[in-house]
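Protein chains in written order, with full-length UniProt numbering: chain A, 1 to 548; chain B, 1 to 548.
Cβ coordinates follow ideal geometry from the N, Cα and C atoms, glycine included.
Computed from a predicted model, the values in this text were never measured in an experiment.
Right, one structure below, let's go through it.
Number of protein chains: 2
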Amino acid sequence: MSQFFDRHRPMLDTALSALRRREFWTPFPEVPSGKIYGEIAREDGAAAFTALQRRPFDLPGHPEESRLGAEQSPFGPALEISYPSASVDTLIAASQAAAPALAQAEIEVRVGACLEALVRLNRMSFLIGNATMHTTGQAFAMAFQAGGPHAQDRGLEAVAMAWDEMTRFAGAARWEKPQGKGAPVVLDKHWTVVPAGVSLAIGCNTFPTWNSYSGIFASLATGNPVVIKPHPAAILPLALTVRVLREVLDEAGLPADAVLLAVDGPGAEITKQLATHPAVRLIDYTGSGTFGDWLRGNTTAALFSEEAGVNTVTIAATDDLAGMCANLAFSLALYSGQMCTAPQNIHIPRGGIQTDQGWKSFDQVASAIADAIDTLLSDPARAAGVCGAIANPATLARIEDARASGRVIRDSTPLGEGRTATPLLLAVEDGDPACERECFGPITYLVAVDDADVGIARAASLARDKGAITAALYDLDEARIARAVLAFADAGVNLSINLTGNIFVNQSAAFSDFHVTGANPAGNASLTDTAFVATRFRRVMWRRPAAA
Amino acid sequence: MSQFFDRHRPMLDTALSALRRREFWTPFPEVPSGKIYGEIAREDGAAAFTALQRRPFDLPGHPEESRLGAEQSPFGPALEISYPSASVDTLIAASQAAAPALAQAEIEVRVGACLEALVRLNRMSFLIGNATMHTTGQAFAMAFQAGGPHAQDRGLEAVAMAWDEMTRFAGAARWEKPQGKGAPVVLDKHWTVVPAGVSLAIGCNTFPTWNSYSGIFASLATGNPVVIKPHPAAILPLALTVRVLREVLDEAGLPADAVLLAVDGPGAEITKQLATHPAVRLIDYTGSGTFGDWLRGNTTAALFSEEAGVNTVTIAATDDLAGMCANLAFSLALYSGQMCTAPQNIHIPRGGIQTDQGWKSFDQVASAIADAIDTLLSDPARAAGVCGAIANPATLARIEDARASGRVIRDSTPLGEGRTATPLLLAVEDGDPACERECFGPITYLVAVDDADVGIARAASLARDKGAITAALYDLDEARIARAVLAFADAGVNLSINLTGNIFVNQSAAFSDFHVTGANPAGNASLTDTAFVATRFRRVMWRRPAAA
């Protein structure tokens, strides 16, 4: 039954080593290449996606009382896929029925099933890429990477951390306490990993797999059955995940209902009902701070959250103005700013900055960034490949509203196919309330600050008070960089310094970068630190005198 | 500055190994012997305790706006010691002022200081023993052990876990991502341990050091300044601890105010004010479930709690009736049942049990336990040495009230010096509500159940619903024992099977037994698992292109 575990043990061991060393590693190649995934993988994936549309999605044995699903690609067409749907009580009852067998299974059986599922999901990355593209609006290359291998990396990372934690202490021990000259007291002790209870994963629209796999796999590996509640607009990537997991669980001799899909429709969401069900003891949540606050106030389950924040870039100086602007242009345009890691505010000293091209004024720096975006998006095919489409119509409305909130440096424009928008750049003065709240989407404020130190201080205080997942700094003054390192650490936000070339502040690599620190309002969990897995189970002991 | 760390590194390494193996180990001998602690250590400790009485307690440099303290020994005399006292705002301001230097210190400096403090506390174990005895009512031998070496063990365990967790992942890494035929992306990354904030330790009356050291040392090692709020009746053991910690912090170049004493008086407790101060991010709490509920409802700090429960023994069968009864007698009489691990309900089949002395009826088993208590307490000096005194007058009143709640099998009686009470044994029928809530103190219900399986089921459901820290089973049927193991694991309570001789269900040994599982209402934290330390800090990164 642990043949899956034996098969994938080398991958697990390498993952554990990578986690400790935090160096680059991945078993799941991010390049959507036929040489890696098979010569016809691209065509197969596209065909499989087409074949799923306009019909009921098959989830054998899954609780089903009705069919729901109304996904529409941000690139245009409705998917017309219906998914099995059941009431909250039915889903929780099925989850609870699966719990004892999952809890009592050997750790190796659960972990092995998780590893096998990840490898199977990896093989399906082209299909997952298409499914992600047409539910999130990500362009294909990004949808493949973020929805496929990068999400699988995060899943593997969580499984490895869970394995490490479950096996951190001996599972059994002989405890021999000396008694002076008398015979020692000798006890045999044994510890069981006891899962917390039903685990709820609340998916988001923009990264349905990447943002959910950590919690799903951490809970499952530690023995908690998982109910996956996808965003109504991005069901398919998680439905495919559920299907693979249920197949593997079954093959591993575990109950398929340890993973369930909880589909709902817009306006009839069942998230609150699920989150407040007393059987639900763990909740992984990606979404707004408003709903995060609701969860904190209304559930007694342990909450692992990624919420919202105001990510900043502070530009103090650069010795590569062109490289900096090109790098920022990509960070702002990528998936039209719909990443939780995308910068929103760019702090620029009002009096300008030192660069390799001489002193540049605030407006010159602003123009250089705008020009770099224009250059990046000058080729329509490349523009579409970078920006993708807008997941939620509300984002387009937000861009409309934002346009009046500052001096327009670069206007947002549509792009080809689907619901699209390029970055809107607005200049504002430091302290403008417009830029001190999260504006999700391709909206960037270029904020005029008194000087670089003020810009850093403002960035740190925004992170501390409003939350932030990323911060970036361009600077040449090592003393100021050292001060910034302290300030951003104190504000609990990860800092990227002087990025140019093919690495971006938006990027967070599994096995090395902890995603979200948990130390500011942008989220209380970190992917994947020990706290993310260690509270999903407890250890319970029995002890008795050793047989003579 | 890390000379303390270097000095104690071998002890730390051995502690880490012990924690992984969960075998017996301690660096702090539990025997109050002159051969170990020095020939005149006993006399020195007694003299030092006498010298502390009837005068102000000296805490150099500690915030002080007034003096408070009205401790009275449960054995009689008032201690007449006054402690420096300050308002909540003053204490929190001093704690926050100490925070940055503590946070930015090298991990080795903080951990080294914690280890040195524990070693110094160990040398003071006779003084701590006297202080514990005359604030808790524990007899001296127990006060020495539980207040001294056993508490120090728990402190060391927490420091070792914190060290292990803070150093679990590389603190720095070079991340080199291949770019096909191009040059790789090379980033240098660095992670900082960022503490959560001010940590509040809420002490209890019965085990002021044992129940507080885990949280205090876990928070301090991970960089959080600690405000220690002792129970108004048991200040001295924690005041001595604070003094040692402040001395060592100062010698280590760290701010002494990283550890503060928050003394209050009965009827004017400042616990709620402290717990709801926004700067307080961590709370370690031992006490009632009622106040635990208040904390959950009123603070946003992370809570690590040990609350209340109904501990049970289920007697199904025994091949050593005398040994079982002697063992249970000691567990019930020790510190007059005022341990969070002491059994309250003993489930005995109504029709009797199989024993090595033949079949014994319910009443015969009940009498045998009562007789064993009488035998244990027949010598007055031994009786005083086992039972000690009653910490809180309310416990005597509770015994009075309980007397009418069942058929008296053995009455509670006073014992020599001070406020004392021997175990009260009451027979009740299964389902009697009197025994289904915690009755703190020397009150034991002998509960007549239909059969052993019903007794086990009732014990497990009480643990699940009301909480339990310990459960015990006496049985000879291995199939039933295996079922009980599953049932108690599912209820999240540690189980001791067939204990006789010099090991008792009350005992929880650091480095081996996780104290409280966190998996039932008796507490949400476990001493000391990973979750206990991992959420006291976060990791924050900076990354930048590696220098060419």
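- Residue A:Y445 holds the alpha-carbon nearest to the alpha-carbon of A:L425 among A:Y445, A:I373 and A:T413.
- If you draw a straight line from the Cα of A:E65 to the Cα of B:Q507, it is about 52 Å long.
- Residue-level contact check: B:F169 touches chain A, since one or more beta carbons of chain A fall below 8 Å from its beta carbon.
- Contact of A:M541 with chain B is assigned, a C-beta pair being separated by under 8 Å.
- Under the criterion of beta carbons closer than 8 Å, B:S214 and B:R281 do not qualify as touching, at roughly 17 Å.
- Taking 8 Å as the cut-off, the beta carbon of B:G388 is found no closer than this to the beta carbon of B:G147.
- Chain-order list of chain B residues neighbouring A:E106: empty, with the shortest C-beta distance near 14 Å, by a criterion of under 9 Å.
- The DSSP-derived three-state label of A:W359 is coil.
- About 6 Å separates the beta carbon of A:L274 from that of A:A262, a gap short enough to meet the 8 Å contact definition.
- Between the stretch 454-473 of chain A and the stretch 299-316 of chain A there are three or more inter-stretch CB-CB distances shorter than 8 Å, so the stretches are counted as touching.
- According to the DSSP secondary-structure assignment, B:I353 is paired through a beta bridge with B:K360.
- DSSP, read as helix, strand or coil, puts B:R67 in strand.
- A:S512 belongs to the set of residues whose beta carbon lies under 8 Å from a beta carbon in chain B.
- Taking a cut-off of 8 Å for Cβ pairs, the stretch 408-417 of chain A and the stretch 360-376 of chain A touch, as three or more such pairs fall below it.
- For B:A173, the beta-bridge partners assigned by DSSP are B:K189.
- With the criterion set as a beta carbon lying under 8 Å from some beta carbon of chain B, the members of the stretch 498-528 of chain A are N498, L499, T500, G501, N502, I503, A509, S512, D513, F514, T517, G518, A519 and S526, in sequence order.
- Residues of the stretch 294-307 of chain A with a C-beta less than 9 Å from any C-beta of chain B: R296 and T300, listed in chain order.
- If you keep only unbroken beta strand (DSSP E) runs of at least 3 residues inside the stretch 217-273 of chain A, you get 226-229 and 259-261.
- Chain-order list of chain A residues neighbouring B:R174: E23, by C-beta distance under 8 Å.
- Taking all protein chains in view, the Cβ of B:N298 is surrounded by fewer than 16 other Cβ atoms within 10 Å, so the residue is classified as exposed.
- The beta-carbon distance between A:V88 and A:I270, rounded to whole angstroms, is 5 Å. This is short enough to meet the 8 Å contact definition.
- With a contact defined as Cβ atoms closer than 8 Å, B:T312 and B:H347 qualify at about 6 Å.
- Counting other Cβ atoms within 10 Å of its Cβ, B:G182 stays below 16 and is therefore classed as exposed.
- Against chain A, the beta carbon of B:L187 has neighbours under 7 Å at I503, listed in chain order.
- Legend: CB atoms of the stretch 177-205 of chain A lying less than 7 Å from CB atoms of chain B belong to residues K177, Q179, V185, L187, K189, T192 and V194.
- Boundaries of the alpha helix (DSSP H) harbouring A:D453: A452 to K466, taken from the DSSP string.
- Between A:S214 and chain B, the shortest Cβ-Cβ separation is not below 8 Å.
- The C-beta distance from A:H150 to A:E23 rounds to 17 Å, too long to fall under 8 Å, and the pair is not in contact.
- Within 8 Å of the CB of B:S496, the CB atoms of chain A belong to W542, R543 and R544, in sequence order along the chain.
- With 16 or more other CB atoms across the displayed protein chains lying within 10 angstroms of its CB, B:W163 is buried.
- Restricting attention to beta strand (DSSP E) runs no shorter than 3 residues, the stretch 325-407 of chain B encloses them at 345-349, ordered along the chain.
- In this structure, B:V194 lies away from B:V226, with their beta-carbon atoms at least 8 Å apart.
- Residue environment analysis places B:A301 among the buried positions, since at least 16 neighbouring C-beta atoms fall within 10 angstroms of its C-beta.
- Closest by C-alpha distance to A:G523, out of A:R20, A:G385 and A:G287, is A:G287.
- A:E429 is bridged by DSSP to A:A448.
- Rounded to whole angstroms, B:P237 and B:N345 show a C-alpha spacing of 31 Å.
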